[in-house]
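A.B. asks:
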Amino acid sequence: MIIPTQTDTSEERGLLDNLTFDSSVRINSINDDDLRSDIIAAISEIPFVYNMLKKDRRRSSDLEKDSQGRIKVNLEHPHILEDMDYFRERALHFKKHGTYTNIIPNRHQTSRYMKFWREEQRRCREGFVRKSDGEWVSGYYYWYLNYCPILMTQDIPLTPEELENDAMNVQAERVEDFPRVWDSDYLWYHYVEQAEQRGMHCANMKTRGRGYSFKGSSKGTRNYYHYKRSKSYAIASEGEYLYEDGILSKAWDTLNFIDNYTPWRKSRDYADRNDHKRASYRDPKTNTEKGIRSEILGVSTKGQPERARGKRGKLVLFEEAGKFPHLLKAYAIARPSVEQGSRTFGTIIVWGTGGTEGADFSGIKELFTKPGAYNIYGMRNVFDRNAPSTSICGYYCGEYMNREGCYDENGNSDVIKALVEVFTARGIIARGTDDPNALIQEKADRSITPQEAMMKKEGHLFNIEDLKIHASEVETNPKQFTDATWKVKMFFQDGEVKWKISDIPPIR
């Protein structure tokens, strides 16, 4: 549902009546008129934001189920997540006991121990369903939540003096922990699952600081342990995005963790390099290679998109696609490696953040905004302001989704709180600097719409965001701007000003 822009008090009141009671009360409690106006405009103009706040938002028990008893997840109209620790039971057990199970190890195939780990492997491959209401997570997401410790932000408790002063900024530190459930992650993993089921690929435009390198690395490690002979590739324009603190270094940390704490340990006798791991071992009797022979490989194109050729695998990840020269050519070269005719046997996943100057960003923009041309799973663009109903795009994660400190224990985003913080920060920048690019950069880095993420910061004298919003309004309702009665010619006749329909075509 697209809500029309609010222009008067009665329309504004009608909008608030459609929101949850808590959302309406919090909006009405905002004293800053400009801030309140920004919040209401975002809700009224961005359908996805409205869908997150509407009072008739559904729960998992309300949703239709498929033949396997799983709810049908609607990416455009997210439902409320409830009791999501149900899907993190193994991670929570490990945090408490330092082990995944207290069952005594027994390698006999019929033992409780082996049955436990076979069930865990099934969940990592097929996903996990809560039978009581049909809520479920995909195999990729179950693996990420339970078997991939990551670095997360944790608040440092405030001192009594800081509490007295009501400090706005909270000091935090990075600690290793299992991922929390986030609704933006929940939707992202379902987007990937739905794309795979359709034989399509994935494109993601996102705000900064949502840990997509961890999520990307987890997909490769899941395949490495649970799919025989699988190959997972991580491709980046520069080696720094793969190594050091990049996606591959995160994957190798996960491999070490799994090898130490689960029975899924894999030897890497034939390939154990910084850019290539292969799960196999040398048989001492026959001196031949054995094992499941799954692999994770890194590829740095370094301005040579041809390096993406021949990467036939189950998964191809394009890391930091927002900073990837020649991305479209590399993507086109990689596609035949995962497709054969109308058959798709591997998935390409591309993600990136805005805020980059020049041509490096053009590739992800093209893939995101024109998914149908590239066999990318497209959904209705409910993320932009007043986008035409026919507009299609990839998946988008805005700054209002899981902003730190702005979500509940089940990962449901506190959209109102996040938007208040976002618009407040933008106001401070706008008032505190004469540099017009500073605000543009802030919007691109911490965007609330894909259009903001795609803003360029160089060479603009005008408010690009407002121009793009106006362009969307023109596309949505062209007759308002092209009606024939507007194309007239004024002339004098008998001392009076008269008009007639002009035969001169208007300039558009």
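The sequence shown begins at 1078 in our numbering and counts up one residue at a time. C-beta: ideal position from N, C-alpha, C; glycine also. This structure is a prediction, so every number in the text was calculated from the model and none was measured.
#1: Which of helix, strand or coil does DSSP assign to Glu1383?
#2: Could you pull the DSSP bridge partners for Ser1309 from this structure?
#3: Residues in the same chain with beta-carbon distance under 6 Å from Lys1040, minus the five sequence neighbours each way, listed in chain order, please.
#4: Determine which residues share a DSSP beta bridge with Phe1569 and list them.
#5: So, are the CB atoms of Asn1281 and Val1427 less than 9 Å apart?
#6: For Leu1404, tell me which candidate among Ile1425, Gln1417 and Val1415 has the shortest Cα-Cα distance.
#7: Might you give, ordered along the chain, the residues of its own chain that have their beta carbon closer than 8 Å to the beta carbon of Lys1217, omitting 5 neighbours on each side?
#8: Mind listing, in chain order, the continuous alpha helix (DSSP H) runs of no fewer than 4 residues lying wholly within the region 1410–1494?
#9: Excluding the 5 residues preceding and the 5 following Lys1305 in the sequence, name in chain order all residues of the same chain whose CB lies nearer than 8 Å to its CB.
#10: For Leu1496, does the count of other Cβ atoms within 10 angstroms reach 16, so buried, or fall short, so exposed?
#11: Does the Cβ of Gly1536 have 16 or more other Cβ atoms within 10 Å, making it buried, or fewer, making it exposed?
#12: Keeping to the same chain, check which residues put their C-beta closer than 6 Å to that of Lys1400; ignore five residues upstream and five downstream.
#13: What is the DSSP secondary structure of His1267, reduced to helix, strand or coil?
#14: Run the CB neighbour count on Trp1220, radius 10 Å, all protein chains shown included, and call it buried at 16 or more, exposed below.
#15: Do Val1492 and Ser1100 have their beta-carbon atoms positioned less than 9 Å apart in this structure?
#16: What are the start and end residues of the alpha helix (DSSP H) that includes Met1129?
#17: Need the endpoints of the alpha helix (DSSP H) that Met1191 sits in, please.
#18: Report back the beta-carbon spacing between His1525 and Glu1476 to the nearest angstrom; my notes put them in contact at under 8 Å.
#19: My understanding is that Ile1130 touches Leu1096, with C-beta atoms under 8 Å, so please give their C-beta distance in whole angstroms.
#20: Let's test the definition: count the other Cβ atoms within 10 Å of the Cβ of Trp1576 and tell me whether it reaches 16, buried, or not, exposed.
#21: Judging by CA-CA distance, which residue of Arg1135, Pro1182, Lys1192 and Phe1422 is the nearest neighbour of Gly1276?
#22: Excluding sequence positions up to five away, which residues of its chain have a Cβ less than 8 Å from the Cβ of His1156?
#23: Assuming Ile1123 contacts Arg1462 (C-beta within less than 8 Å), just tell me the rounded distance between them.
#24: State the DSSP-derived secondary structure class of Arg1165, mapped to helix, strand or coil.
#25: When you compare each of Asp1260, Arg1285 and Glu1396 to Ser1314 by their alpha carbons, which one comes out closest?
#26: By Cβ distance, which residues of its chain are closer than 6 Å to Asp1522, with the 5 residues on each side in sequence left out?
#27: Taking 9 Å as the cut-off, decide whether the C-beta atoms of Ser1290 and Ile1324 are in contact.
#28: Apart from the five residues on each side of it in sequence, which residues of its chain come closer than 6 Å, Cβ to Cβ, to Val1459?
#29: Tyr1224: which of Asp1360, Tyr1310 and Arg1165 sits nearest, CA to CA?
#30: Can you tell me whether Ser1106 is helix, strand or coil according to DSSP?
#31: Comparing alpha-carbon positions, which option in Arg1207, Arg1345, Arg1195 and Asn1179 lies nearest Tyr1163?
C.D. replies: So, to answer that:
#1: For the purposes of this step, residue 1383 is identified with residue 306 of the sequence shown, where counting begins at 1. Note: Glu1383 maps to helix in three-state DSSP.
#2: As a position in the sequence shown, residue 1309 is number 232, starting the count at 1. For Ser1309, which the question treats as bridged, DSSP gives the partners Ile1373 and Leu1392.
#3: In the structure displayed, the chain extends from 1078 to 1585; residue 1040 sits before or after that span and is not available.
#4: As a first step, residue 1569 is located in the sequence shown; it is residue number 492 there, counting from the start. For Phe1569, which the question treats as bridged, DSSP gives the partners Val1574.
#5: What you label residue 1281 is simply residue 204 of the sequence shown in a count that begins at 1. What you label residue 1427 is simply residue 350 of the sequence shown in a count that begins at 1. Yes; because the gap between Cβ atoms is below 9 Å, this pair is in contact.
#6: As a first step, residue 1404 is located in the sequence shown; it is residue number 327 there, counting from the start. Comparing Cα-Cα distances from Leu1404 to each of Ile1425, Gln1417 and Val1415, the minimum goes to Ile1425.
#7: Counting from one through the sequence shown, the residue named residue 1217 turns up at place 140. The sequence given here has Tyr at residue 1217, not Lys. Only Tyr1266, Val1269, Glu1270, Ser1295, Lys1296 and Arg1299 meet the Cβ criterion.
#8: 1439–1446
#9: Residue numbering aside, residue 1305 sits at position 228 when the sequence shown is read from its first letter. Excluding positions up to five away in sequence, the list reads Ile1369, Arg1370 and Ser1371.
#10: Walking along the sequence shown from the start, residue 1496 turns up at place 419. Looking at its Cβ environment, which holds 16 or more other Cβ atoms inside 10 Å, Leu1496 is buried.
#11: Position 459 of the sequence shown, counted from the start, is the residue given in the question as residue 1536. Residue placement at Gly1536 cannot be trusted, given a pLDDT of 49 that sits under 50; what the coordinates show is reported in the next sentence. Flag for Gly1536 reads exposed.
#12: Here residue 1400 corresponds to residue number 323 of the sequence shown, with the count starting at 1. Contacts found: Thr1433 and Asp1437.
#13: As a first step, residue 1267 must be located in the sequence shown, where it is residue number 190. In the structure shown, His1267 sits in a helix (DSSP, three-state: H, G or I).
#14: Residue mapping note: residue 1220 aligns to position 143 of the sequence shown, counting from 1. By the 10 Å Cβ count, Trp1220 comes out buried.
#15: On the sequence shown, residue 1100 is found 23 positions in, with the first residue counted as 1. On the sequence shown, residue 1492 is found 415 positions in, with the first residue counted as 1. Their beta carbons are under 9 Å apart, which means Ser1100 touches Val1492 by this criterion.
#16: For the purposes of this step, residue 1129 is taken as residue 52 along the sequence shown, with counting starting at 1. Taken as a continuous stretch (DSSP letters only), the alpha helix (DSSP H) holding Met1129 covers Pro1124 to Leu1130.
#17: Residue 1191 sits at position 114 when you count from the first residue of the sequence shown. Its alpha helix (DSSP H) spans residues Arg1189 to Glu1203.
#18: Residue 1525 sits at position 448 when you count from the first residue of the sequence shown. Residue 1476 sits at position 399 when you count from the first residue of the sequence shown. Per the sequence shown, residue 1525 should be read as Ile rather than His. Ile1525 to Glu1476, Cβ: 5 Å. Contact.
#19: The residue given as residue 1130 occupies position 53 in the sequence shown. The residue given as residue 1096 occupies position 19 in the sequence shown. First, the amino acid is wrong: residue 1130 is Leu here, not Ile. About 5 Å separates the two Cβ atoms, so the contact holds.
#20: Counting from 1 along the sequence shown, the entry for residue 1576 is found at position 499. Its Cβ having fewer than 16 others within 10 Å, Trp1576 is exposed.
#21: For the purposes of this step, residue 1276 is taken as the residue at position 199 of the sequence shown. Looking at the Cα atoms, Phe1422 is the closest of the given residues.
#22: Counting from 1 along the sequence shown, the entry for residue 1156 is found at position 79. Arg1134, Arg1135, Arg1136, Ser1137, Asp1139, Leu1140, Ile1148 and Val1150.
#23: Here residue 1123 is taken as the residue at index 46 of the sequence shown, counted from 1. Here residue 1462 is taken as the residue at index 385 of the sequence shown, counted from 1. So it is a contact: roughly 6 Å between Cβ atoms.
#24: The residue labelled residue 1165 in the question sits at position 88 within the sequence shown. Reduced to three states, the DSSP call for Arg1165 is helix.
#25: Numbered from its first residue, the sequence shown carries residue 1314 at position 237. When each option's Cα is compared against that of Ser1314, the closest is Glu1396.
#26: The residue you call residue 1522 lines up with position 445 of the sequence shown. Counting only Cβ-Cβ distances below 6 Å, and skipping sequence neighbours, we find Arg1285 and Gly1432.
#27: One-based indexing of the sequence shown puts residue 1290 at position 213. One-based indexing of the sequence shown puts residue 1324 at position 247. Cβ atoms of Ser1290 and Ile1324: closer than 9 Å.
#28: Your numbering for residue 1459 matches position 382 in the sequence shown. The answer, listed in chain order, is Pro1124, Phe1125 and Glu1153.
#29: Residue mapping note: residue 1224 aligns to position 147 of the sequence shown, counting from 1. Ranking Asp1360, Tyr1310 and Arg1165 by Cα distance to Tyr1224 puts Arg1165 first.
#30: In the sequence shown, residue 1106 corresponds to position 29, counting from 1. Residue state, collapsed to three classes: coil.
#31: In the sequence shown, residue 1163 corresponds to position 86, counting from 1. Comparing Cα-Cα distances from Tyr1163 to each of Arg1207, Arg1345, Arg1195 and Asn1179, the minimum goes to Arg1207.
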